[in-house]
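Let me begin by presenting the structure, written as structure tokens, before commenting on it.
Numbering (this note's numbering), first residue to last: 3 to 211.
Written as structure tokens, this is what we have:
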């Protein structure tokens, strides 16, 4: 059933430092999950075990695989001759899911993925505005390239953690209308050479970020 797709595998990895002594840094726990698809069920984090792990972590991070908005139109780059390209999908969920993300424990999400622009810039704007309203930080998208590459910074118990997010250009039919530029909103992209490795320019950008 579709709800099996709510969170891809819904696997999480907990990274914990050993219990700290008085002269060591405090323990900060991270909970990291993969693709979050909140459009398929009423509450994707209704499972008490999942919610307790995410909410129990100092920082919970996930990849929000699609916009939360009621606006926008299907992005034309995913169509050919009026039909959706095979193996392409269009994701968009109701803005009501912001509360679900917050209640599920997420404090930071990535917007850099191949579905965040499925309904264009209006849906992207709604998504980051809604996240801000609910106190959820994001990385990987912005009003320009500098904003898309800007880290989301969370401080817990004196430790500052920066999250950067990028989407590989190879996962999309084209980067048109997706990539952020110096004067246009969009996503932060990683570009690869013919061997499948990041280009020198991409590596330099990531190092600078």
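Note that the Cβ used here is the ideal one computed from N, Cα and C, for glycine as well.
message: Using the three-state DSSP reduction, which class does residue 94 fall into: helix, strand or coil?
response: Under the three-state reduction of DSSP, residue 94 is assigned to coil, being neither helix nor strand.
- prompt: If we call anything under 8 Å between Cβ atoms a contact, is residue 125 one with residue 94?
  reply: yes
query: For residue 50, which of helix, strand or coil comes out of DSSP?
result: In the three-state scheme derived from DSSP, where H, G and I count as helix and E and B as strand, residue 50 is classed as helix.
task: Drop a sphere of 10 angstroms on the beta-carbon of residue 209, count the other beta-carbons inside from all chains shown, and report buried for 16 or more, exposed for fewer.
output: exposed
query: Does the pairing of the segment 144-159 with the segment 76-83 give three or more beta-carbon distances under 8 Å?
result: As far as the Cβ criterion goes, the segment 144-159 does not touch the segment 76-83, which means the pair count is below three.
query: Can the beta-carbon of residue 177 be found closer than 8 Å to that of residue 192?
result: no
field: Reference residue 107, options 194, 189, 31 and 148, closest by Cα
entry: 31
- prompt: With 16 other CB atoms within 10 Å as the buried threshold, where does residue 40 fall?
  reply: buried
query: In chain order, what residues of the same chain lie with their CB nearer than 8 Å to the CB of residue 138, ignoring the 5 residues before and after it?
result: 100, 103, 104, 108, 109, 110 and 111
- prompt: Based on Cα-Cα distance, which residue from 179, 56 and 61 lies nearest to residue 146?
  reply: 179
- request: Apply the 10 Å Cβ neighbour rule to residue 17 and answer buried if 16 or more other Cβ atoms are within range, or exposed otherwise.
  value: Confidence in residue 17 is poor, its pLDDT being 37 and thus under 50, which makes the residue's placement unreliable; the coordinate value appears in the next sentence. The residue in question, residue 17, is exposed, as its Cβ has fewer than 16 Cβ neighbours within 10 Å.
message: By DSSP's criteria, residue 102 is part of a beta bridge. Which residues make up the other side?
response: DSSP lists no partner for residue 102.
message: Rounded to whole angstroms, what is the Cα-Cα separation between residue 74 and residue 132?
response: 15 Å
message: Among the candidates 152, 201, 166 and 170, whose CA atom is the shortest distance from the CA of residue 184?
response: 152
task: Would you tell me roughly how many angstroms separate the C-alpha atoms of residue 190 and residue 181, rounded to the nearest one?
output: 6 Å
field: Residues near residue 67 in its chain [Cβ-Cβ closer than 7 Å; skip 5 each side]
entry: So the list reads 37, 38, 39, 93, 115 and 117, once near-sequence residues are dropped.
message: Whole angstroms are fine: how far does the CA of residue 49 sit from the CA of residue 5?
response: Reliability of the predicted coordinates at residue 5 is poor, the pLDDT of 36 falling under 50, and no value is obtained from them.
- prompt: Buried or exposed: residue 65, going by 16 or more other Cβ atoms within 10 Å of its Cβ?
  reply: buried
task: Give the straight-line distance between the Cα atoms of residue 77 and residue 121, rounded to the nearest whole angstrom.
output: 5 Å
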